[in-house]
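These notes are about the structure you will find just below.
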Amino acid sequence: MGLLTFKGGIHPNDGKSLAKDQPITEVLPQGDLVYPLSQHIGAPAIAAVKKGDHVLKGQKIADAGGFVSAPVYASVSGTVKALEKHFNPTGSNVDCIVIENDGEYKEAEAAPVKPLSEMTRDEILTRIGDAGIVGMGGAGFPTRVKLSPKEPDKIEYIIANCAECEPYITADYRRMLENTEELVSGMRVILSMFEHAQGIFGVEDNKKDCIEKLQEAIKDEPRMKVCALQTKYPQGAERQLIYALTKRAINSTMLPADAGCIVDNVETLIGIHNAVINGRPLTERIVTVSGDAVEKPGNFKVLLGTNHRELIEAAGGFKREPEKLISGGPMMGFAMITLDAPVTKTSSAILAFQEDIVAKAMSTPCINCGRCVEVCPSRIIPSRLADYAERHDEETFTAQNGLECVECGSCSYVCPAKRPLKQSIGSMRKIALANKKKK
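Numbering (numbering that gives the first Met the number 0), first residue to last: 0 to 438.
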C-alpha cells in the first residue's frame with residue numbers, strides 16, 4: 000500500500016538537519032515579558048490586571064473577550080509594568096500587557112484535577128477553554144470552540160497533525176520524540192468526548208523514528224492508529240491532511256467537522272494534556288530557532304511573552320547579520336520587521352537567513368508553463384487568479400475559485416518567472432472574504 004497523500008505539492012529543501020537532532024532546551028527570560036491580548040483568531044482578550052499589580056506564574060491576566068476568544072496567563076511572577084502597544088511577530092502594533100519579571104517564578108495554585116474518567120464533556124471543554132488553549136500550529140483558533148461542533152456524534156476522526164511539512168521547523172518532531180506520552184494523552188482526552196471517533200496520528204515518512212515511537216505508545220489504545228504520510232509540502236495543511244487520511248474533501252465553505260473530522264496540532268494536544276490532566280494553563284511552547292545565519296540552531300522551551308532577541312541569544316547569536324527574519328516557516332510564515340517582538344501561542348519558529356533571495360528575485364511576465372497548476376494542492380489555476388487579483392477583478396477571481404486557495408506558496412516556489420503569485424492571490428482573497436462577510 001502506497002503512502003497517503005494528495006495531488007499536487009512540492010519538495011523544497013527541508014533544512015531540518017540544522018535543528019532536528021538538537022534536544023529541547025529550556026530558556027528562561029531575562030527581560031520584561033510582553034503578552035499581546037490577541038494571540039488567536041476571534042475577539043481579543045480583555046486585560047484583567049492593571050499597572051502595578053503583582054502577578055504569579057500561571058495567573059490569568061486577560062479574560063476571553065467572547066465565545067471565539069481565549070484568556071492569557073502570566074508565564075512568570077512579577078509586576079505589571081504597563082498596558083501598551085507593542086509589535087507582535089507579524090508586524091502589527093497591538094495592545095499588550097507588560098510584566099517585569101522578578102526572577103522568582105512563584106506559581107499560582109493549579110486548578111484542581113480529577114481523573115479523566117470522572118469528568119464530563121462540559122467539564123473537559125471548560126478546562127480547555129479556561130486554560131487558554133488555541134491551535135498552536137497555525138492561525139490560533141480557540142480549541143474549546145473547535146471541540147464544540149454542532150453535531151458531536153457525527154465526528155468520526157480526530158486527526159493529530161504530526162506532518163510538520165514546513166521546511167526548517169523541527170519543534171513538533173522533538174515533541175513527538177521527547178513528549179510522546181503527553182501527546183497520546185492529549186488525544187485520549189479528546190477521544191473521551193467523541194465516543195464514535197477514531198484518533199489518527201498523521202506523520203510524514205521522513206520521521207520514521209516518530210512513527211515507531213508513537214506506534215509503541217498506542218499499542219494498547221484500540222481507538223488510535225498511526226498513518227505514514229508521503230513527505231511533501233503542504234502535507235500538513237488541514238484540507239490536504241484530511242484528504243490524505245480519509246479521502247474526504249472539504250472546501251472554503253466547509254469546516255473539518257462537516258466532513259466528520261477535527262484536526263489538532265502536536266503542540267495543541269500536549270497543551271490539552273497539561274490543561275485537563277495536570278490543571279496547568281498555557282504558558283509555554285516549543286520554538287525552533289534555525290536558518291543559515293544562526294550560530295547554533297536548536298529547539299527551545301520558551302515562556303510565552305519572551306522577546307525573540309533572547310531566543311537568538313540562546314541559539315548562540317548570528318554568524319552574520321541576517322538579511323531575512325521569518326516568524327514561522329519560510330513558506331507560510333511572516334517576514335519580521337524587528338526581533339523586539341514577543342513569543343506568542345502561535346510562534347512555532349524564528350528563522351534567520353544570510354540572504355533574502357525573495358527580495359532579490361526579478362519578476363518577469365508569465366510564460367504559461369503550467370507549473371503552478373501542476374503543484375497547486377487546491378487544483379486551481381494560480382497564474383490566472385493572480386492576473387485577476389492584479390486587475391482588482393474580484394468577481395472573476397471569486398468565480399474562478401480564488402477562495403479555494405490555501406495560500407501555501409507552492410505556486411510562487413515553482414514559478415520560473417518569479418511572480419509573487421501567493422501574495423497577489425492572498426491579498427485578493429482577503430478582500431473577497433471580507434466583502435463576503437458584509438453581505
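For each residue, glycine too, the CB sits at the ideal point set by N, CA and C.
Compute the distance between the beta-carbons of residue i and residue j, then report whether it is under 7 Å.
i, j, result
"P166", "D13", "yes"
"L350", "S411", "no"
"E106", "L190", "no"
"N87", "A340", "yes"
"I9", "V374", "yes"
"K300", "V133", "no"
"Q197", "Y156", "yes"
"E181", "H272", "yes"
"T169", "K318", "no"
"V183", "A138", "no"
"V275", "V188", "yes"
"G278", "A109", "yes"
"A162", "L115", "no"
"K49", "A81", "no"
"I199", "I158", "yes"
"L268", "G185", "yes"
"T89", "H53", "no"
"A398", "L420", "no"
"G315", "E283", "no"
"N434", "I23", "no"
"K212", "T179", "yes"
"I249", "A256", "no"
When burial is assigned at 16 or more other CB atoms within 10 Å of the CB, is residue i buried or exposed?
i, result
"D355", "exposed"
"Q239", "buried"
"M0", "Confidence at M0 is low in this model, with a pLDDT of 43, below 50, so the placement of that residue is unreliable and no value is reported for it."
"L244", "buried"
"K437", "exposed"
"F5", "buried"
"D171", "buried"
"E83", "exposed"
"N100", "buried"
"L457", "In the structure displayed, the chain extends from 0 to 438; residue 457 sits before or after that span and is not available."
"E237", "buried"
"A348", "buried"
"H195", "exposed"
"G401", "buried"
"E320", "exposed"
"L281", "buried"
Select from the options the residue whose C-alpha is nearest the C-alpha of residue i.
i, options, result
"L17", "L176, T287, D219, V71", "T287"
"P11", "I325, S362, K50, P233", "P233"
"A292", "L3, R308, L324, H307", "L324"
"G304", "Q29, I9, L3, I23", "Q29"
"A312", "N367, F333, P296, G185", "Note on residue identity: the sequence assigns Glu, not Ala, to residue 312. E312 has its Cα closest to that of P296, out of N367, F333, P296, G185."
"G128", "P114, K59, K421, G327", "K59"
"S362", "R418, F333, K50", "R418"
"M118", "M192, I366, T282", "M192"
"F396", "G369, K429, C209", "K429"
"F66", "E211, G41, V202, I96", "G41"
"H307", "G270, V33, Q229", "V33"
"G270", "S147, N92, I123", "I123"
"G201", "A258, G64, D257, V225", "V225"
"C95", "I45, R120, G131", "I45"
"A416", "I424, S426, N250, P364", "P364"
"N205", "C368, C164, R174", "C164"
"S91", "S326, S409, N400", "S326"
"H391", "A256, S423, P376, I366", "S423"
"M175", "I285, N400, A388", "I285"
"E394", "C414, M427, D257, I98", "M427"
"V93", "H39, R247, C260", "H39"
"P43", "E389, R222, F140", "F140"
"M331", "K246, G425, A431, E309", "G425"
"P111", "K19, Y104, I98, T125", "T125"
"G131", "Q21, L338, G64", "G64"
"G57", "D20, E103, H85", "E103"
Quick check: is any heavy atom of the ligand NAD less than 6 Å from the C-beta of residue i?
i, result
"E150", "By its list of ligands, the structure shown contains no ligand whatsoever, and the ligand NAD lies outside what it can speak to."
Can you find a CB in chain B that lies within less than 7 Å of the CB of residue i?
i, result
"I9", "In the structure shown, chain B does not exist; there is a single protein chain."
With three or more C-beta pairs closer than 8 Å as the rule, is the segment 337 to 355 touching the segment 367 to 386?
At 8 Å Cβ cutoff, the stretches do not touch.
With a cut-off of 8 Å, do at least 3 Cβ pairs link the segment 141 to 153 to the segment 219 to 236?
No, because fewer than three Cβ pairs between the segment 141 to 153 and the segment 219 to 236 fall closer than 8 Å, the two stretches do not touch.
Ranges of the alpha helix (DSSP H) found wholly within the segment 326 to 414, counting only runs of at least 4:
The segment 326 to 414 contains these whole alpha helix (DSSP H) runs: 356 to 359, 370 to 374, 381 to 389, 393 to 398, 409 to 413.
Specify whether the segment 65 to 83 and the segment 20 to 37 touch according to this definition: at least 3 beta carbon pairs, one from each stretch, less than 8 Å apart.
A contact exists between the segment 65 to 83 and the segment 20 to 37.
Ranges of the beta strand (DSSP E) found wholly within the segment 43 to 67, counting only runs of at least 3
The segment 43 to 67 contains these whole beta strand (DSSP E) runs: 59 to 62.
Only counting runs of 4 or more residues, tell me where the alpha helix (DSSP H) segments fall wholly within the segment 134 to 201, in order along the chain.
Taken in chain order, the complete alpha helix (DSSP H) segments of 4 residues or longer contained in the segment 134 to 201 are 142 to 145, 170 to 177, 179 to 190.
Which ranges does the alpha helix (DSSP H) cover as unbroken runs of at least 4 residues, wholly within the segment 237 to 314, from first to last along the chain?
With a minimum length of 4 residues, the continuous alpha helix (DSSP H) runs that stay inside the segment 237 to 314 are 237 to 245, 265 to 275, 307 to 313.
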